[in-house]
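Numbering (the working numbering), first residue to last: 90 to 467.
Every residue gets a Cβ at the ideal spot worked out from N, C-alpha and C, and that includes glycine.
The block underneath contains the structure these notes are about, expressed in structure tokens.
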Ligand code: HCA
Ligand code: CU
């Protein structure tokens, strides 16, 4: 993995999340925050999907003028939709068409030859209009017959498509399957860039996105907090965590301090909290509790952390107000309070008292501080 690009789809896939109802003001805030973070592409819903969308799109494109992020418009392979998208002045068009037998039967009814012809015609049309970037998403790529998929890839490559997305539309692919299929495509002499879009139905979206990179994909689709259809897609924070712990040099082009702000912004807009298991931005992502952990963390923070919270402008929390606290944690807290006169027996006694109170009911750091201070007068 030498290079990575992020296509954030919070304003397209994320807009399809059941709990999302973004106003124009929300979209503007999200766009600007994504651009400050520095994602390469921001994907927007098709302007055909609701009225006055085209005006909104134009204003958002204007607002991002001079910033690195480029706006791409998601679009069915329908001429009217594509024409509208082109009128917005967006940087590029993200076409998509179903390639699996499931979508053929349940959705558009086209054979792979017909679906390919439709996509090819639309790519040619977009290019003829002078648009700089056109990509095609082979919807349900991982349940598509491999020969069918390669047939479409070849035809699209021949007409100069810039990028092809391979979505795991139902989130059922395993990391190994993703690696193999993407590797198969990337090992051929196609000119287009490879994109991956992983749904999270089986909890594999981040792992699959990373497997796609290992297989030769360049661009990964994300959304803030992973929101999307059903339970969503690869979260931006999850994807960043995956790479930051393996290849942080790939991420120096992004402003990682913006990530907690972005997740908080979208959580507030949705009226939810950041999920407890969200990498990096969960309120507990850098909170340590067990006495054994805290003791080790006080010696070397790498003992129980794969990433440094300070790389994201976050502070680590050592939770010592618990029924499992130990004397090392108490000693550390005492020093923070400017108290250096406690001896070993006192520290043990304080820890014991904290554990006792903490096992009766949840306690706060204030309680711990009071207990520590009460020993000063003993
Ligand atoms: C959708 C399906 C999609 C499309 C991805 C793409 C998917 O919601 O319309 O455009 O490449 O997961 O297949 O999000
Ligand atoms: Cu999707």
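Along the chain, which unbroken stretches of the beta strand (DSSP E) at least 3 residues long are found entirely within the segment 292-341?
If one requires a minimum length of 3 residues, the beta strand (DSSP E) runs lying completely within the segment 292-341 are 308-311, in chain order.
Hey, quick one: how far does the alpha helix (DSSP H) through residue 264 stretch, first residue to last?
In the chain shown, the residue the question calls residue 264 occupies position 175. Residue 264 -> alpha helix (DSSP H) spans 264-275.
Starting from residue 115, follow the alpha helix (DSSP H) in both directions and report where the run begins and ends.
Residue numbering aside, residue 115 sits at position 26 when the chain shown is read from its first letter. Taken as a continuous stretch (DSSP letters only), the alpha helix (DSSP H) holding residue 115 covers 113-126.
Considering only residues of the same chain and omitting the five flanking positions on each side of residue 365, which have a CB-CB separation below 8 Å?
For the purposes of this step, residue 365 is taken as the residue at position 276 of the chain shown. These residues qualify, in order along the chain: 371, 372 and 373.
Apart from the five residues on each side of it in sequence, which residues of its chain come closer than 6 Å, Cβ to Cβ, to residue 205?
Stepping through the chain shown from its first residue, residue 205 is reached at position 116. Leaving aside the five residues that flank residue 205 on each side, the residues in its chain whose CB is nearer than 6 Å to its CB run, in chain order, 241 and 244.
Compare the beta carbon distance of residue 174 and residue 164 with 7 Å and say whether it is the shorter of the two.
Numbered from 1 along the chain shown, position 85 holds the residue referred to as residue 174. Numbered from 1 along the chain shown, position 75 holds the residue referred to as residue 164. Contact: yes.
Can you tell me the Cα-Cα spacing of residue 387 and residue 264, whole angstroms?
Numbered from its first residue, the chain shown carries residue 387 at position 298. Numbered from its first residue, the chain shown carries residue 264 at position 175. Between residue 387 and residue 264, the C-alpha separation is close to 36 Å.
Measuring from the CB of residue 315, is there a heavy atom of the ligand HCA at a distance below 6 Å?
Numbered from 1 along the chain shown, position 226 holds the residue referred to as residue 315. Answer for residue 315: no, Cβ out of range of the ligand HCA.
Leaving out five residues on either side along the sequence, give the residues of the same chain with a beta carbon under 6 Å from the beta carbon of residue 320.
Sequence index remark: in the chain shown, residue 320 carries index 231 (1-based). Here residue 320 has 289 as same chain residues with Cβ atoms under 6 Å from its own Cβ, once five neighbours each way along the sequence are excluded.
Since I believe residue 354 is in contact with residue 479 (beta carbons under 8 Å), could you give me their beta-carbon distance rounded to a whole number of angstroms?
An answer regarding residue 479 cannot be provided, because it is not within the stretch 90 to 467 covered by the chain.
What is the DSSP secondary structure of residue 238, counted as helix, strand or coil?
By 1-based counting over the chain shown, the position of residue 238 is 149. Looking at residue 238 - three-state DSSP - the assignment turns out to be helix.
Taking 6 Å as the cut-off, is the CB of residue 104 close to at least one heavy atom of the ligand CU?
On the chain shown, residue 104 is found 15 positions in, with the first residue counted as 1. Taking 6 Å as the cut-off, one finds no heavy atom of the ligand CU near enough to the beta carbon of residue 104.
Looking at the structure shown, is residue 99 part of a helix, part of a strand, or coil, going by DSSP?
Locating residue 99 in the chain shown gives position 10, where the first residue counts as 1. When secondary structure is reduced to three states using DSSP, residue 99 falls in the coil class, being assigned neither helix nor strand.
Ordered along the chain, which non-local residues of its own chain (more than five positions away) have a Cβ less than 6 Å from that of residue 124?
Here residue 124 refers to the residue found at position 35 when the chain shown is read from its first residue. Leaving aside the five residues that flank residue 124 on each side, the residues in its chain whose CB is nearer than 6 Å to its CB run, in chain order, 153, 156 and 158.
Using a 10 Å radius around the Cβ and a threshold of 16 neighbouring Cβ atoms, would you call residue 333 buried or exposed?
Taking the first residue of the chain shown as 1, we reach residue 333 at position 244. Answer is buried; the Cβ neighbour count reaches 16.
Beta carbon of residue 136: closer than 6 Å to some heavy atom of the ligand COA?
As far as ligands go, the structure on display features the ligand HCA and the ligand CU and does not contain the ligand COA.
Where DSSP assigns a beta bridge to residue 285, which residues make up the other side?
Taking the chain shown and counting its residues from 1, one reaches residue 285 at position 196. Under DSSP, the beta-bridge partners assigned to residue 285 are 255 and 309.
For a test of the three-state rule: what should DSSP assign to residue 131, helix, strand or coil?
Start at 1 with the first residue of the chain shown, and residue 131 comes out as number 42. Residue 131 sits in a strand when the DSSP states are folded into three classes.
With C-beta atoms as the reference, is residue 279 less than 7 Å away from residue 255?
Numbered from its first residue, the chain shown carries residue 279 at position 190. Numbered from its first residue, the chain shown carries residue 255 at position 166. Not closer than 7 Å, so no.
Here's the rule I'm using: 16 or more other beta-carbon atoms within 10 Å means buried, otherwise exposed. How should residue 183 be labelled?
On the chain shown, position 94 is the one that residue 183 refers to. Buried, by the Cβ-count rule.
Apart from the five residues just before and just after residue 109, which ones in its own chain have a Cβ nearer than 7 Å to its Cβ?
For the purposes of this step, residue 109 is identified with residue 20 of the chain shown, where counting begins at 1. The answer, listed in chain order, is 103, 316 and 359.
Any non-hydrogen atom of the ligand HCA within 6 Å of residue 464 CB:
Position 375 of the chain shown holds residue 464. For the ligand HCA, not one heavy atom lies less than 6 Å from the Cβ of residue 464.
Check the C-beta distance from residue 375 over to residue 394 and give it rounded, since I have them as a contact under 8 Å.
As a working mapping, residue 375 is identified with position 286 in the chain shown. As a working mapping, residue 394 is identified with position 305 in the chain shown. Indeed, because the Cβ distance is near 7 Å, the residues count as touching under 8 Å.
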